Each structure stands twice: as structure tokens, then as C-alpha cells.
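In my numbering, the protein residues as written are 4 to 1154.
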């Protein structure tokens, strides 16, 4: 099950967990990069305690923290199947590590555990190391970037002396110095199982490196050691060379990015004369020049087993290049030579070329130096003042704030034609709302104003309410997803009493609570115009709900009321029942995700026997059970108006389903019924199918996640043969298998109405796919078919492809997460050339390699409708990327391309870069989690200088360092279209950060920059501080999990005092304590734009928390504050509580 990066919300996760719980064949689950928090992790842990099939669980980059890790630890104590668990980047600290350590003492199945990029420290490591002394199954352990330090390394050393299972250990980026290296060396002398250890990006130098070298003389198992980017100089290189003369197991030695000069290189070269095992030696980015390069070049002629030599980023000129060329001629074993980014002139290139038997034609690179000056546009508001025609203006999702809003407000005062203005998803605050309010008092034409998803709180709302008392034209106002509390709601309610011209008010996703709801309820009793009211997600409970229900008894205009996701109990439902008996106008009522029980459903049911106006009722995600369903079924037998009933996730079993089915035999109005995520099973389905044979009105039926087997599928198929009204059937996440699919296919041969069929995750194999394919050759009504997450291989794919050649109605086919390889992709691609109606092709997580990618590329060249291609989690490599890139040069429709996790290296990136220079449609390119190096990203950067369409670029988790980032920075200085850039999990230090920061002083398009999990320190933070003082476009900056301390935080705080555009700042997982936190707190007292600040997992105590609490008393914009993972005691909590008594904007506080 591949659901990484799916942006699942809490409800999606709840539904998903339910499906995982009942599935008995699921083996792999990837929920990485979602919003899984502690509670969801606990629920998942409970499932693991009894699950007997899941072997691989990926939870990378969620927020499970210690409590989630503790729950998973308890599950591991009893789970007997899980072998791989990935908890990278989850905010786990000491307590979570302790729990996992305890679990490893008892668990006997887990072999691979990834805890990289957390906050475990040496304290948490001790628990895990104690477990390793007795654990006999764990073979791979990743603890990179966990602040383990020397004390943690010492604990590891003790464990390595007795552990007999671990073979791969990753400790890179853990601040280990010579002391920790010495301890690890002692462990390696006696350890007999470890084969790979990664100590890169630590602080190891003499004598630590020397002692490690001595240990490797005795160690008989280690074959790979990474010492990249430490402080290893010639002295340590001599010690390592001595080791190589006696060691007989080491095959790979990584010494790149150290301080080795000619002497060290010569010593290593001498060692290579006698060493008979080393096959790969990395020395790139050291200080090796002419003389040493010649010496190294002599050694491959003596040692006949060397396969890889890496010297990129060194100082190689003509003579040493010639020497290497000579060696290259005579050495038959060197298969890989990395010389990229060296200072090599034409003579050296010529010599190497001749050695390879190739004579390159000299070319002159084209580096454009001219820059077209920015075109300065006049503010559109000036033009609107005199415009005589324009009636609708949509400015949603821009970066509109102070000056622009004032210009718009000025325009509204004189403009005489504009009727609709959309300013949703901008940066509008109270001051801006006040400016618009003044304009509304004078404007006489505007009827619709959308201000959703801004930062308006009570003050701005009060100003707008004051304007509504005077304005005589505005009928529709959308203020959803702002920061409005009860006071703002009361002001709007008062305005609606004075001026009864409004017809629609949207206050969803605010926090008006019971008092705000009561004020609006009082208004509804007298208001004679409001027809639509949205109060979803507003913390409304018993009192507010009752007040609204009482108002419905007298109100005669409201037709739509949304109260989903509040806290309405079944007691308050009695008031709604009474209201529905007398109300004669309400047509849509949404009460989903509240606290309604079977009694509440019975009350609603009784009311609907009398009510003659309600058309749509949503009671989903409550707890009405079978009794509630039975009560509603009794209602359906007599009700003559309800057309839509949604009851998903209500614990309804076969008994409730049978009652509802029985009612539909006589009901003549219901067209939509949603019973997803219940427990109807085959028995409940049997009753429903009997109904479908005679029911003549139902058009949409959802039975997803209902424990339906092949028998249920066959029953539904039998009904579809005679049913003449159903157009949409959702059966996802059941178990209908091939037999059920075959029966449904047979039904579709005769059915003339069904247009949408969802069979996702149903254990369908090739046989079922073939049956469906045969049907598609005949069926002339089906337009959408979802077969994702099944077991379809090439045979089934080929059958579907053959069907597509003749089918003329299907527009959407989803085959994600199956087992389709080359033959299947060939067939589908060939069919797509004939079937020109598809716009989206999703074939992620199949078995697509280079050949399959080439076939798809050929299709792209001729396809004229495809806009989205998703190939993530395949293995297309460079060759596949090159083929797709070649297609992009001629394709004129594709806008989104996802190549995440596809083993793309430098060549593939360069090919894509060439394509970007000519392609004029692609707007989103995702290259996350590949193997792209600096050279590859330099090519992409060069393309960005000329490309004018790409808006989103994701390069996270590649092999990009400062050099590549500097190239991107140069591109940003001229690029005018890129708005989102993701550079997470790279090798960026302060040098690269400074380059990006400098570019953003000029760039006027980038709005979001992700730099999480790099190596940015105070110096880099200071560079961004300077940038933020002048940049006017960046709204989101993520500097989480770097090494920023007091000085950097103080610099950023200084910038926040003057910056007017940044709304979100992530500084979690750094080293910010007293001075830095206090500086940020002081900045919050004056900053008017920041809405979200993440300071989780730093080093803050009560003093710093008290400073932030004091800032909250003055700040009027912050809505979200993360302080979890710090050391907050009761004293800090009390200070925050006091602040919340006066603060009116903060809606989310994480402790």
C-alpha cells in the first residue's frame, strides 16, 4: 500500500487504519510524509499487535514523537511478522528511544530499523545499545543525525563487542569526535559481524582516525567504511595506508571531502601496490594536485583489482590528466572514473579522450551573460477605477497584502461595475479587512466577497460587520478558515439583524464556539434573507447547537446549514428533531463527525416522517449503529423528499443494512446512499441487491470498506443486470477477488447506465482484469474505472490495453500499485496512441524500468491530451529519464511530471534540463529521492534561466551539495516563474545557504523554500535574516532540523521585526535556547504577518516559554505555535494559559 505524500488528514487516516485492520493480506505499508501524529501511531500500533501479515512499515517524516514511538515499541514486543520499520524524521527523543530499546530485547523478527533524523541523543542511545547486547535479529540500524556525540559512540562500542547480528550501522552526522572514534575502534577490534559502518560528516581527526585504522588491521569482517567530510589530513591518511597493507577484507573506503593533500595521496598510492582487496577508493574534494595524481595513476598498473577511482573536485591539470590517461590505457580493471568538476584544460581532456579511443569535437559552451530587466507593471487597481465592463475579479492564491489591498479598497469606492471579488488565500490581516470595510460602506455594486483562508481575526471581522450595516448590495460573504472567535461572530450577527440583505455567510473553520453560535442563532430568528450558513469546525457544542435548532423553528429562509466537525452531542439533537418537524425551508443539513448516537438518529428519523423539505442529510462519522439505521429506514418508507443520505463510518452491520434495503423497496425519492466504512458484509449486500432489482431511483451507491467478498460481488453483479438507474458504484477496499470481478464484468455486458466503477484494493488478479477488459470492448457507458492496488500483472494489463483500442467511452483508468512490467507498459502505451481521451496516467509503484519508460516516452510524443504523468517509486534510471526528456521536447500538453524515487543520476538530470529549455507547458517537476549530483542540478539550474513555465521543483533527498545550490541560486536571480523550491535532506551548509539567501534579495517569484535537514548553522541563518529584510515574496521558510543556535535565532528575529510577507517559519529541531527564544518572542510583539511558528525540539526551558507567552499577549496574527519536544514544566504551561486568556488569534498550540 503506497500512500506516501498523500496529504492525508485525520479523517483519511482514521478510515485508512480501519481498512488496514480488516485486511488480511497486506504486507507493505508506506505512509511516509503525511500527517500521522501520536494518536494515529497508537492506533497503528494496536493493529500491529494482532496483525500477522505486515512485514514492512514506512512512517518517514510524520509527527509520532515519543508517545507514538512508545506505542509502536509495545507492539513490537508481541508482533511476530514485522521485519522493517522506518521512523526517520519523527521528532523521537529519549523516551521514545527507551521504549524501542525495551522492545528490541523481546522482539525476534525485526531486521531493519531506521531512526535517522530524530532527537535521540546519547541518553536514548544507551537503551538501544543495551538491547543490542541481547538482540539476535536486527541486522541494519540507521541512527544518522541524532546528536549521539561521543558518549553515544562509547555506548555503541560496548554493544559491538557482544552483538552478533548487526551488519550495517549508520552513524553519520552525529558530532562524534576522536574520543568516540577511539571507543568505536575498540568495539571493531572484537566485533565479528559488522560489514558496513558510516561515520561521515562527523568531527573525527587524529588520533581518532589513527586508532580506527589500527582497529581495521585486526577486524576481519568490515568491508565498507565511510569517513567522508571529517577532518582527516595527511597524518591520518598515512595511518590508513598502513592499515591497507595488512587488511584483507576492506573493499570500499570513502575519504572524500577531507583535508588530504599530496603526501597523504602518495601514502595511499603506496599501499595500493600491495593491497589485494580494495576495489573502490573515494578521494574527491581533497587537496590532491599534479604530483600526487601522477603517483596515484601509476598504481592501478601494479594493482589489478581496482574498479573505481574518484578524484572529482580536485586540482587536476594537464600533466596529471595525461598520467591518468596513460594508466587508463593499461589497466583493464578500472570500470568507473570520476573526474567531474576538476580544473582540467583541453590537453588533459584530449589525453583522456585518446585513452578511451574517442576524439571529442571541441565546442564552445554558451553562458548567457545578459539579463532582461524586470518589467514593472502598474497596479491593476488604477485601471479598474475607469473600467466600464469588468464584473468579476478573481485574485485567489496570490501574495496580496497591505498596499495591494488598499489599492483594491480605493478602487471599490469608485468602481461601478464589479460584482464579484475573490481575495481568498492571500495575506490579508485585520488592517486590510478594515480598509475593505471602509470601501464597502461606499461601494454600490459588489454582491460577492470571498476572504477565505486569510488571517482575519475579531478586529477585522468587526470592521466588516460595521460596514455590512450600511452596505446595501453585498449578499455573499466568505470568511471561512480565518481566526474569528466569538466576538467576531457576535459582531456579524448584530450586522445581520440591522441589515437583512445577506443571503450567504461562510464562517467554517474558525472558532466561534457556543457564544458565537448563540449570537448567530438569535439573528436567525429575525433575519429574513440568509439562505446559506456554514459553521463547520467551530468548536460548537451543546448550548450553541440547541440555540441554532430553536432558531430553525421560526426562521423561514435558511436552506443550507453545515455543522460538521463540531462537538454536538445526541442531547442537542432532540432540539434539531423538534425544529425539523416545523421548519419548512431547510433542504441540506450536515451533522457529520459530531457525537450523535443511535438515540440522536432515532430523533432525526422521527422528525423526517413529518418534515417535507429536507433533501440532503449527512450523519457520517457518528455512532448511530444498527438501531439508528433501522430508525432511519422506517423514515425512508414514508418520507417523500430526501434524495441524499450519507451514513459512512457509523458501525452499521448487516442488520442495519437489511433495514435500509427494505426501506428502499418502497422509497421513491432517494438517489444517493453512502454506507462506506461500515460492516454490512455479504449478508447486508444480499438485501441491498434484492432492492436494486426493483428500485428505480437510486443512482449512486457507496459500499467501500464493508467486508464484502466475492459472493457479495456476484450478488451485486446479478442486480446490475436488471437495474436501470445506478450510475456510480463504489466497492473499493473490499475482497471481491477475481470471481467477483468476473461477475461484475459479465453484468457490464448488459448494463446500460453505470458510468463509474471503483474496485481499488480488492484482490483482483489477471483473470479478473481480463474479464473486465473483455467487457470494455462491448460496454459503451463506463467512463471511469479504478483498479489500483490490486495484483494485476502484464497479462491483465495487456488485456486492458487491447480493450482500450476499441473502447470509445473510458476516460479515466487507474492502475497504480499493481505488478505491471515491460510488456504491460508496452501494451498500455501502444493502446494510448489509439485512445486519445485520457488526461491523467498514474502507474506509480509498478515494475517500470528503462525499457518501459522509453515506451511511455514514445507515447508522450504523439499523445495530445495527457496532462499528468505519475511514475514515482519505479526504477527508470538515467536511460528512462533521457527518453522521457526527449519526449518533453515535443510534447505540448503535459503539465505535471512525477519521477520521485526512480534511481535517476547525473545523465538523466541533464537530459531533463535540456528538455526544460524548450518545453513550454510543464509546471510541476518532482525529482525527490533520486541520485542527482551537483553536476546534474547545475544543468537544471542552467535550464531555469530560460524556462518560463516551471512553477514547482522538488529536488529533496538527492546528492546535492553547496556547489549545486550555488548554481540554483544564480538561476533564481533571473528566473521569474518558480514559486516553490524543495531542497530538503541535502548536503547544504552555510556556503550554499548564503548563495540562496543572496539570490532571494533579487528574486520576486519564489514563495516557498524548504531547507529542512541540512547543515545550516548561525551563519546561514544570518544570511537569511538579511534577505528577509528586503524580500517581499517569500511566505514559507523551513529551516527545521539544522544546527541554528542563539546567534542565528537572534538574527532571524531581527528580520521578523521588519518583514511583512513571511507567514510560516519552521525552526524546529535546532539548538535554540534562552537568548534566541527571547529574541523571537520580542519579534512576535511587533510582527504582523507570521501565522505559524514551529520551535519544537529545541532546548527551551520555562524562562523561554514565559517570554513567548508574554509575546502572545501582544501578538494578533499567530494562529499556530509548536513548542513540543522542549522542557516545559507546569510553570511554563501556566504562563501560556495566562496568555491565552487575552490572546484572540492562536488556534493551535502544540506542547
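Cβ coordinates follow ideal geometry from the N, Cα and C atoms, glycine included. Just so you know, these numbers come straight off a predicted model, no measurement behind them.
Please report how far the alpha carbon of residue 1154 lies from the alpha carbon of residue 24, in whole angstroms. Those two C-alpha atoms are separated by around 30 Å.
Residue 176: buried (16+ other C-beta within 10 angstroms of its C-beta) or exposed? With 16 or more other Cβ atoms inside 10 Å of its own Cβ, residue 176 counts as buried.
Are the CB atoms of residue 78 and residue 103 within a distance shorter than 7 Å? no
Helix, strand or coil: how does DSSP classify residue 285 here? Reduced to three states, the DSSP call for residue 285 is strand.
Within 10 Å of its beta-carbon, does residue 756 have 16 or more other beta-carbons around it, so buried, or fewer, so exposed? exposed
C-alpha distance - residue 155 paired with residue 124, whole-angstrom precision: 7 Å
Here's the rule I'm using: 16 or more other beta-carbon atoms within 10 Å means buried, otherwise exposed. How should residue 195 be labelled? Under this definition residue 195 is an exposed residue.
Please report how far the alpha carbon of residue 50 lies from the alpha carbon of residue 683, in whole angstroms. 21 Å
For the alpha helix (DSSP H) containing residue 1044, list its first residue and its last residue. Residue 1044: not part of any alpha helix (DSSP H); DSSP gives it neither H nor E.
Would you mind reading off the limits of the beta strand (DSSP E) that contains residue 649? 647 to 649
Can you tell which of 265, 261, 277, 263 has the C-alpha that lies nearest to the C-alpha of residue 246? 277
Residue 442 versus residue 436: straight-line alpha-carbon distance, rounded: 10 Å
Tell me whether the beta-carbon of residue 1022 lies closer than 7 Å to the beta-carbon of residue 993. When the beta-carbon positions are compared, residue 1022 and residue 993 come within less than 7 Å of each other.
Buried versus exposed call for residue 1133 [16 or more other C-beta atoms within 10 Å across all chains shown]: exposed
Give the DSSP-derived three-state secondary structure of residue 2 in the structure shown. Past the edges of the chain, shown from 4 to 1154, lies residue 2, and the structure says nothing about it.
Hey, how far is the Cα of residue 380 from the Cα of residue 1095? Residue confidence is low: residue 380 scores 30 on pLDDT, short of 50, so the model does not pin down where it sits. Its coordinate-derived value is still stated next. Taking the straight line joining both Cα atoms gives about 31 Å.
From the DSSP output, in three-state form, read off residue 1009 for me. coil
When you compare the region 768 to 778 with the region 726 to 744, are there three or more beta-carbon pairs, one atom per stretch, that lie closer than 8 Å? yes
Nearest-angstrom Cα separation, counted from residue 635 out to residue 618: 14 Å
Could you compute how far the alpha carbon of residue 36 sits from the alpha carbon of residue 644? 44 Å
For the beta strand (DSSP E) holding residue 507, just list the boundary residues, first then last. In the DSSP assignment, residue 507 falls within the unbroken beta strand (DSSP E) covering 507 to 509.
Return the first residue and the last residue of the beta strand (DSSP E) that residue 115 is part of. 115 to 117
Does DSSP classify residue 705 as helix, strand or coil? strand
In this structure, what does DSSP give as the bridge partners for residue 563? 535, 591
Once DSSP output is grouped into helix, strand and coil, what is the label at residue 712? Residue 712 falls in the strand class under three-state DSSP.
Just confirm the distance between the C-beta atoms of residue 878 and residue 852, as a whole number of angstroms; I'd bet it's less than 8 Å. Sure, about 5 Å apart at Cβ, within 8 Å.
Continuous alpha helix (DSSP H) stretch holding residue 740: start and end: 740 to 751
Just the C-alpha distance for residue 1131 and residue 1106, rounded to the nearest angstrom, thanks. When rounded, the distance between both Cα atoms is 9 Å.
Cα separation between residue 136 and residue 162? Roughly 5 Å separates the two Cα atoms.
So is residue 991 buried or exposed if we call it buried at 16+ other beta carbons inside 10 Å? buried
Residue 18 versus residue 415: straight-line alpha-carbon distance, rounded: 46 Å
Among 501, 542, 531, nearest to residue 510 - alpha-carbon criterion: Closest option to residue 510, Cα to Cα, is 542.
Is residue 932 helix, strand or coil when you go by DSSP? coil
What residue from 159, 988, 973, 952 has the CA that sits closest to residue 960's CA? 988
To the nearest angstrom, how far is the alpha carbon of residue 1041 from that of residue 982? C-alpha separation (whole angstroms): 15 Å.
In chain order, each alpha helix (DSSP H) run of at least 4 residues that lies wholly inside the region 1049 to 1079: 1049 to 1059, all fully within the region 1049 to 1079.
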